[in-house]
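Undergrad: Quick one: the structure is below, questions incoming.
Residue numbers (the numbering used here), protein chains in the order written: chain A, 463 to 959; chain B, 4 to 193.
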């Protein structure tokens with residue numbers, strides 16, 4: 463990313479006094495770095511690039527720039543020996559087992575700023591932020607019984623976006639990252655292997671990174687609303703496998719078996735996702751429409767999805783089943799940033815799908831029945847019991863069996879998914895710099911679309927990641943939104959087919 | 004339908020490589036079935052075992068490469084395993100009498116190669132030393148097997164035993180903490 467003569471050129475441009483300050487700054491940085499020579503050089507260049515940008519483009523004094531980019535912000539993370547490792551949480555255990563070449567359970571959370579991203583500031587922000595989330599600074603390795611996460615101490619780099627969203631990350635290579643920070647124009651995105659965390663955990667990381675980025679640019683932001691202080695010690699509770707700690711002691715089981723679902727009819731593309739579509743709605747319009755129907759936003763969107771799913775298939779044999787992840791953090795007091803979600807399934811026969819108004823009572827009734835704390839806890843207990851029962855079976859036996867079972871319990875049981883991260887909040891003052899957030903799920907092998915939603919300020923972004931070129935689903939969603947009085951701005955990607 | 008494109012337009016395509024891989028997998032499956040059938044039909048020595056072993060290696064390395072832990076140490080290990088496996092098949096099914104002499108020599112060479120790779124970057128490799136430890140343990144296991152089942156071991160086996168023991172001792176003494184952590188990580192059941 464950097465040319466070798468950058469440092470020479472930059473140092474040559476300084477006055478004698480500034481040169482001495484920078485040399486002291488570099489010495490201070492070296493004291494905080496015990497990584498490879500290449501990473502040490504790159505990280506010092508990261509800081510110098512940021513200083514150069516802040517002094518020459520933002521016009522602040524060198525003293526102020528050095529203060530903002532101080533090596534204190536590196537903490538001891540890069541200087542300490544690699545000692546930590548983490549077993550996977552119960553939900554994460556299935557992901558490496560079901561992984562195939564070119565297919566990896568991934569998702570992406572993004573933040574849209576009001577101005578274009580400054581790469582050198584973003585890189586330094588990541589250098590400072592990663593230490594607060596040591597659990598993310600890991601790579602997946604294979605044990606004899608289970609996979610695990612092994613800490614890596616290296617420079618984690620940001621990249622300009624050049625690939626399809628949720629394109630599989632190469633985690634095989636030595637010291638590779640299990641997540642990616644990419645930027646494109648005014649967007650900062652975190653693409654993450656699901657083994658690390660779920661949407662909630664990923665959003666905390668992204669918000670903290672963006673807040674740090676804005677602080678480097680001089681914006682004063684407090685560490686509130688789910689934004690962590692990067693110079694604070696990580697909390698042990700953030701790394702807890704809550705499935706193990708909080709699973710209720712019950713012999714009841716449920717939630718995992720079910721019939722195959724009706725799938726959309728479009729041809730499966732070889733490149734997945736082959737298309738990303740965002741429907742940007744005014745959240746006030748959306749909420750008032752939901753209130754008009756005396757329902758929740760999730761139920762309203764689910765009703766629209768059922769109609770659009772029916773529209774996108776000619777099959778009538780079977781039920782349309784939509785998977786709705788449920789964040790267990792709303793039921794249990796926990797600080798964990800790891801996976802802590804279960805899911806419920808809402809299913810309706812195509813013949814019963816007529817209009818939004820008639821669907822809503824059915825959807826609400828199923829949500830009330832299936833997305834309860836009791837049902838989710840039983841599912842959690844079932845998952846934990848299953849994991850416990852196979853823990854002493856070697857991985858080379860578990861892996862092929864899990865791949866087959868995943869085919870039965872996996873995405874063939876769902877026509878679609880709706881993952882709603884809800885309202886994203888940022889500290890006061892951030893709204894002047896941040897336009898919106900969005901959240902994209904990776905596509906599945908069989909179901910043609912995966913949907914997700916989040917709201918920031920007055921924008922609700924409904925995202926669809928498609929594995930078929932057929933546009934019936936999203937066109938119908940747009941049409942239905944219009945009929946309900948919700949204006950849609952449609953953003954997205956080219957067709958990568 | 005899309006009013007504004009907000010993703011890069013020039014996306015890298017990997018269709019050709021994927022198609023080649025798929026074609027390769029089908030070809031190797033077809034070849035495997037064909038050679039086993041031909042071998043059984045002709046009722047000659049089990050040469051198809053050798054072909055299957057080679058196809059397995061090609062599949063594992065190129066057509067369905069591993070998703071995790073691909074580094075110099077694991078790849079060296081894999082190459083050694085392939086060579087040793089080939090020698091065992093040839094020595095057991097095709098020509099006898101030399102395997103007991105040649106195998107420990109090849110194992111010794113393989114151990115020394117892995118040791119060089121490991122100690123080239125010990126601080127980095129100590130956190131993923133399991134392939135190296137496994138190779139050492141298997142080598143010692145082979146020596147123990149030879150000592151217990153035969154009347155006397157030949158000099159290549161003695162050399163192998165000495166090399167394995169020394170390397171294991173050096174590793175254990177130099178990286179005892181890392182060894183305990185590595186074993187805890189690799190064999191955890193949490």
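Don't be surprised by glycine CBs; every beta carbon is placed ideally from N, CA and C.
Which complete alpha helix (DSSP H) runs does the stretch 33–83 of chain B hold, if anything under 4 residues is left out?
TA: Runs found: 50–61.
Undergrad: To the nearest angstrom, how far is the alpha carbon of residue 503 (chain A) from that of residue 167 (chain B)?
TA: Using only the alpha carbons, I get a separation of about 38 Å.
Undergrad: Quick test of the definition: if touching needs 3 or more C-beta pairs under 8 Å, does the stretch 732–746 of chain A touch the stretch 832–849 of chain A?
TA: No: the two stretches stay apart, fewer than three of their Cβ pairs being nearer than 8 Å.
Undergrad: So residue 943 (chain A) and residue 928 (chain A) are supposed to be a Cβ contact under 8 Å. How far apart are they, rounded?
TA: Going by Cβ atoms, the distance from residue 943 (chain A) to residue 928 (chain A) rounds to 17 Å, so no, they are not a contact pair.
Undergrad: Exposed or buried, residue 598 (chain A), counting other C-beta atoms within 10 Å across all chains shown (16 or more means buried)?
TA: Flag for residue 598 (chain A) reads buried.
Undergrad: I need the boundaries of the beta strand (DSSP E) containing residue 787 (chain A), first residue and last residue.
TA: Taken as a continuous stretch (DSSP letters only), the beta strand (DSSP E) holding residue 787 (chain A) covers 782–789.
Undergrad: Considering only residues of the stretch 848–919 of chain A, which uninterrupted alpha helix (DSSP H) runs meet the minimum length of 4 residues and lie entirely inside it, listed in chain order?
TA: Within the stretch 848–919 of chain A, the complete alpha helix (DSSP H) runs of at least 4 residues are 857–871.
Undergrad: Answer yes or no: do residue 875 (chain A) and residue 781 (chain A) have a C-beta to C-beta separation smaller than 7 Å?
TA: Against a cut-off of 7 Å, the Cβ pair of residue 781 (chain A) and residue 875 (chain A) comes out as no contact.
Undergrad: Compute the distance between the beta-carbons of residue 522 (chain A) and residue 516 (chain A), then report whether it is under 7 Å.
TA: For residue 522 (chain A) and residue 516 (chain A), yes; Cβs fall inside 7 Å.
Undergrad: Using three-state DSSP, classify residue 701 (chain A) as helix, strand or coil.
TA: Correct three-state label for residue 701 (chain A): helix.
Undergrad: Kindly indicate which residue of B:97, B:71, B:66, B:185 has the alpha-carbon position closest to the one of residue 47 (chain B).
TA: It is B:97 whose Cα lies nearest to the Cα of residue 47 (chain B).
Undergrad: Can you give the beta carbon distance from residue 606 (chain A) to residue 696 (chain A), rounded, assuming they're within the 8 Å contact cut?
TA: In fact, because the Cβ distance is near 28 Å, the residues do not count as touching under 8 Å.
Undergrad: So what's residue 628 (chain A) in DSSP terms, helix, strand or just coil?
TA: Coil.
Undergrad: With a CB to CB cut of under 8 Å and the five nearest residues on each side skipped, what residues in its chain are close to residue 1 (chain B)?
TA: Nothing in the structure corresponds to residue 1 (chain B), since chain B is present only between 4 and 193.
Undergrad: Roughly how many angstroms separate the alpha carbons of residue 821 (chain A) and residue 926 (chain A), rounded to a whole number?
TA: When rounded, the distance between both Cα atoms is 21 Å.
Undergrad: Considering only the alpha carbon of each residue, which of A:922, A:904, A:930, A:938 lies closest to residue 568 (chain A)?
TA: Closest by alpha carbon: A:904.
Undergrad: Give, in chain order, every residue of the stretch 736–754 of chain A whose Cβ lies closer than 9 Å to some Cβ of chain B.
TA: Answer set for the stretch 736–754 of chain A: 737, 738, 739, 740.
Undergrad: Is it the case that the Cβ atoms of residue 590 (chain A) and residue 692 (chain A) are separated by a distance below 7 Å?
TA: Against a cut-off of 7 Å, the Cβ pair of residue 692 (chain A) and residue 590 (chain A) comes out as a contact.
Undergrad: Would you mind working out which of B:191, B:137, B:132 sits nearest residue 177 (chain B), comparing C-alpha positions?
TA: Closest option to residue 177 (chain B), Cα to Cα, is B:132.
Undergrad: Since residue 646 (chain A) sits in a beta bridge, which residues does DSSP pair it with?
TA: According to DSSP, which records beta bridges pairwise, residue 646 (chain A) is partnered with A:649.
Undergrad: Thinking C-alpha only, which one of A:721, A:888, A:651 is nearest residue 785 (chain A)?
TA: Among A:721, A:888, A:651, the Cα nearest to that of residue 785 (chain A) belongs to A:721.
Undergrad: Helix, strand or coil for residue 734 (chain A), going by three-state DSSP, please let me know.
TA: Correct three-state label for residue 734 (chain A): coil.
Undergrad: What's the call for residue 738 (chain A), buried or exposed, on a 16-neighbour Cβ count within 10 Å?
TA: The residue is buried, with at least 16 neighbouring Cβ atoms inside 10 Å.
Undergrad: Between residue 70 (chain B) and chain A, is the shortest Cβ-Cβ distance under 7 Å, so that the two count as touching?
TA: Yes, contact with chain A.
Undergrad: Hey, out of A:900, A:544, A:878, whose CA is closest to residue 887 (chain A)'s CA?
TA: The candidate whose alpha carbon is nearest that of residue 887 (chain A) is A:900.
Undergrad: Compute the Euclidean distance between the alpha carbons of residue 913 (chain A) and residue 66 (chain B), then round it to the nearest angstrom.
TA: The alpha-carbon atoms of residue 913 (chain A) and residue 66 (chain B) are separated by roughly 32 Å.
Undergrad: My output table needs one value for residue 842 (chain A): the three-state DSSP class, helix, strand or coil.
TA: It is helical.
Undergrad: So, under 8 Å CB-CB, residue 92 (chain B) and residue 58 (chain B) are touching, yes? Tell me the CB distance rounded to an integer number of Å.
TA: Actually they do not touch by this definition, with Cβ atoms about 13 Å apart.
Undergrad: Is the shortest distance between the beta-carbon of residue 544 (chain A) and the beta-carbons of chain B less than 7 Å?
TA: Yes, contact with chain B.
Undergrad: Which whole-angstrom value is the C-beta distance of residue 480 (chain A) and residue 703 (chain A), which I expect to be below 8 Å?
TA: Not quite, the Cβ-Cβ distance comes to about 50 Å (not below 8 Å), so this is no contact.
Undergrad: Would you report the Cα separation of residue 32 (chain B) and residue 26 (chain B), rounded to the nearest angstrom?
TA: Rounded to the nearest angstrom, the two C-alpha atoms are 10 Å apart.
Undergrad: With DSSP run on the structure shown, which of helix, strand or coil describes residue 684 (chain A)?
TA: Coil.
Undergrad: Using the Cβ count rule (16 or more neighbours within 10 Å means buried), how would you classify residue 670 (chain A)?
TA: Burial call: buried.
Undergrad: Residue 658 (chain A) and residue 641 (chain A) look like a contact to me (Cβ under 8 Å); what is the Cβ gap, rounded to whole Å?
TA: Contact holds; Cβ gap of about 6 Å.
Undergrad: Please report how far the alpha carbon of residue 49 (chain B) lies from the alpha carbon of residue 36 (chain B), in whole angstroms.
TA: Approximately 14 Å between the Cα atoms of the pair.
Undergrad: What do you get for residue 940 (chain A), buried or exposed, if any count of 16 or more other CB atoms within 10 angstroms of its CB means buried?
TA: Result: buried.
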